[in-house]
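Numbering (this note's numbering) for the sequence shown: 19 to 417. Built from N, CA and C at the ideal position, the CB exists for glycine as well. Just so you know, these numbers come straight off a predicted model, no measurement behind them. These notes are about the structure you will find just below.
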Amino acid sequence: MDKTMTTKLILRKNEEHRLLSGHLWIFSNEIAGIEGEQIKGDIVELYSAGRQFLGQGFFNPSSLIIFRLLTRARDAITPEFWTERIRSAADYRSKIMGGQKSLRVVFGESDNLPGLIVDKYADVLSVQFLSAGMELNSDAVVAALRRVFNPAGIIARNDSSLRVLEGLEQTSGVLWGDVPTELEIEQDGIRFNVHPSAGQKTGFFFDQRENRRALAQYCAGKTLLDVFSYTGSFSMYALKNGAAKAVAVDSSEQALEAASCNARLNGVADRFSAVKADCFDFFSDENEKASGEKYDIIVLDPPALVKNKKHLQAGFRAYVKLNAAALSRLSPGGLLATSSCSHHLSPADFRVMLMQAAGKARKMVRLVEQRSQGRDHPVLVSMPETEYLKFAILSTLLS
Numbered sequence: 019m020d021k022t023m024t025t026k027l028i029l030r031k032n033e034e035h036r037l038l039s040g041h042l043w044i045f046s047n048e049i050a051g052i053e054g055e056q057i058k059g060d061i062v063e064l065y066s067a068g069r070q071f072l073g074q075g076f077f078n079p080s081s082l083i084i085f086r087l088l089t090r091a092r093d094a095i096t097p098e099f100w101t102e103r104i105r106s107a108a109d110y111r112s113k114i115m116g117g118q119k120s121l122r123v124v125f126g127e128s129d130n131l132p133g134l135i136v137d138k139y140a141d142v143l144s145v146q147f148l149s150a151g152m153e154l155n156s157d158a159v160v161a162a163l164r165r166v167f168n169p170a171g172i173i174a175r176n177d178s179s180l181r182v183l184e185g186l187e188q189t190s191g192v193l194w195g196d197v198p199t200e201l202e203i204e205q206d207g208i209r210f211n212v213h214p215s216a217g218q219k220t221g222f223f224f225d226q227r228e229n230r231r232a233l234a235q236y237c238a239g240k241t242l243l244d245v246f247s248y249t250g251s252f253s254m255y256a257l258k259n260g261a262a263k264a265v266a267v268d269s270s271e272q273a274l275e276a277a278s279c280n281a282r283l284n285g286v287a288d289r290f291s292a293v294k295a296d297c298f299d300f301f302s303d304e305n306e307k308a309s310g311e312k313y314d315i316i317v318l319d320p321p322a323l324v325k326n327k328k329h330l331q332a333g334f335r336a337y338v339k340l341n342a343a344a345l346s347r348l349s350p351g352g353l354l355a356t357s358s359c360s361h362h363l364s365p366a367d368f369r370v371m372l373m374q375a376a377g378k379a380r381k382m383v384r385l386v387e388q389r390s391q392g393r394d395h396p397v398l399v400s401m402p403e404t405e406y407l408k409f410a411i412l413s414t415l416l417s
């Protein structure tokens, strides 16, 4: 859109320090004034109270995050800008992830592309535009993705609730090329069937890849309970690494059907079973309690239980209850692999939660490993919000 004057955002006094330290967001209460047109998603200039130029970024007056820094330079944002940014993200993955064909290739702010998520499923790209600015520039971004990756197809999975916070509609659909209803990917030699248009998020959770690999080394000859299993990725890693059996529990019939399909795909169906149940009630179910079955390894991979700060206490209690119940169902000396994807629950809170869960279950536990999201989901050191996944493997002590 042609404009006679670039819109300028002027910060309140001393509000630039966080940005100068490497953070990429400005909140609405940090703005002193706005000069020019207020167009949601527009690229605007940011200035300190003393009129020092700080950078260009996405403007959204409808969001608490009113400004997302895109660049600290004054250069015009051209088609080449998007290509260079996306190629930089791709080159980073090539350097740290080797020859992986299926992975997250763009992770928003961590790749200087605020509000853009791109997952690569072999030759298909699944995209989420989670900021108004990325939505407004989606055509240029799609063109850049085509130049960098030369995919067979690109699908938008814009059904995330995060779009609501930006005042955007929740939609999905093919943006370019051919996108099959299902496709097969490989992770560490393990095969997975993925439904790009119907699965959760973009279809698969790449962020747990390295955690699945870490847990798999302990699974030979063990029994595993995979709670909130989704399509059974932890189960598949365990079974392909010698687990005696894996039981997947999820509330979604569709997810469990996909998990069973993955078991057949990997030749482990004879050691895999699926249980449809409310995962939060599973451990307290009378039939399940009556069975008295113990497991050598239990995996807990729940959805985010702390959606925002006001739900922190309630979500924290839910995590404690869930983890305590799981610890109580472990065999002597068993392992609990547990995670939280709630970014409002800090790593320190997560550790306290584990301590309280162990106390509630009357268990002594040791921390075997403490991990985070995979390397294709890089953490921006200056921006804690980019580190959202907490993952721990705990070992119970023999009493």
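Can you say whether residue i is buried or exposed, counting buried as having 16 or more other CB atoms within 10 angstroms of its CB?
{"i": "H362", "result": "buried"}
{"i": "D129", "result": "buried"}
{"i": "R30", "result": "exposed"}
{"i": "H9", "result": "An answer regarding residue 9 cannot be provided, because it is not within the stretch 19 to 417 covered by the chain."}
{"i": "I411", "result": "buried"}
{"i": "T220", "result": "buried"}
{"i": "L243", "result": "buried"}
{"i": "A332", "result": "exposed"}
{"i": "G117", "result": "exposed"}
{"i": "T404", "result": "buried"}
{"i": "K408", "result": "buried"}
{"i": "I135", "result": "buried"}
{"i": "D157", "result": "exposed"}
{"i": "K327", "result": "exposed"}
{"i": "T199", "result": "exposed"}
{"i": "A50", "result": "exposed"}
Which residues mark the beginning and the end of the beta strand (DSSP E) in which residue i is found?
{"i": "P350", "result": "348 to 358"}
{"i": "G73", "result": "71 to 77"}
{"i": "E153", "result": "Unbroken run through E153 is the alpha helix (DSSP H), 150 to 154; no beta strand (DSSP E)."}
{"i": "F45", "result": "43 to 45"}
{"i": "D384", "result": "It should be pointed out that residue 384 corresponds to Arg in this sequence rather than to Asp. It spans 383 to 389 - the beta strand (DSSP E) in which R384 sits, taken as one unbroken run."}
{"i": "G51", "result": "49 to 53"}
{"i": "K26", "result": "26 to 29"}
{"i": "L88", "result": "83 to 89"}
{"i": "T404", "result": "From DSSP, T404 is part of no beta strand (DSSP E); its letter is neither H nor E."}
{"i": "I316", "result": "313 to 318"}
{"i": "V245", "result": "241 to 245"}
Consult DSSP for residue i and reduce its assignment to one of helix, strand or coil.
{"i": "A110", "result": "Looking at the sequence itself, residue 110 is Tyr, so the reference to Ala does not match. It is helical."}
{"i": "A277", "result": "helix"}
{"i": "S364", "result": "coil"}
{"i": "A410", "result": "strand"}
{"i": "V197", "result": "coil"}
{"i": "A216", "result": "coil"}
{"i": "M19", "result": "Only weak support exists for where M19 lies, its pLDDT of 43 falling under 50; the value from the coordinates is given anyway. In the structure shown, M19 sits in coil (DSSP, three-state: anything other than H, G, I, E or B)."}
{"i": "I95", "result": "coil"}
{"i": "T101", "result": "helix"}
{"i": "R369", "result": "helix"}
In terms of residue numbering, what span does the alpha helix (DSSP H) encompassing residue i cover?
{"i": "L398", "result": "Segment: none, L398 is in no alpha helix (DSSP H) and carries neither H nor E."}
{"i": "N176", "result": "No alpha helix (DSSP H) holds N176; the beta strand (DSSP E) holding it covers 171 to 176."}
{"i": "Q226", "result": "Counting along the chain, Q226 falls outside any alpha helix (DSSP H), and DSSP gives it neither H nor E."}
{"i": "F300", "result": "Careful: F300 lies outside any alpha helix (DSSP H) and carries neither H nor E."}
{"i": "L183", "result": "180 to 183"}
{"i": "T257", "result": "One point to set straight first is that residue 257 is Leu, not Thr, in the sequence displayed. Here the alpha helix (DSSP H) through L257 covers 251 to 258."}
{"i": "R289", "result": "Careful: R289 lies outside any alpha helix (DSSP H) and carries neither H nor E."}
{"i": "R6", "result": "Since the first and last residues shown for the chain are 19 and 417, residue 6 lies out of range."}
What whole-angstrom Cβ distance do residue i and residue j have, given they're in contact under 8 Å?
{"i": "R335", "j": "F301", "result": "Incorrect: roughly 15 Å between the Cβ atoms, too far for contact."}
{"i": "I44", "j": "L37", "result": "7 Å"}
{"i": "F76", "j": "E63", "result": "Going by Cβ atoms, the distance from F76 to E63 rounds to 12 Å, so no, they are not a contact pair."}
{"i": "R105", "j": "S149", "result": "Not really, about 20 Å apart at Cβ, beyond 8 Å."}
{"i": "L345", "j": "K312", "result": "Actually they are not in contact, since the Cβ atoms of L345 and K312 sit about 11 Å apart, beyond 8 Å."}
{"i": "A16", "j": "L131", "result": "Here the chain comprises residues numbered 19 to 417, so residue 16 is not present and cannot be evaluated."}
{"i": "D268", "j": "C297", "result": "7 Å"}
{"i": "S413", "j": "V383", "result": "7 Å"}
For residue i, which beta-bridge partners are listed by DSSP?
{"i": "D137", "result": "R122, S144"}
{"i": "A234", "result": "A234 is not bridged to any residue."}
{"i": "Q205", "result": "I208"}
{"i": "S190", "result": "R175"}
Any Cβ of chain C within less than 9 Å of the Cβ of residue i?
{"i": "D299", "result": "The question asks about chain C, but that chain is absent: this structure has only one protein chain."}
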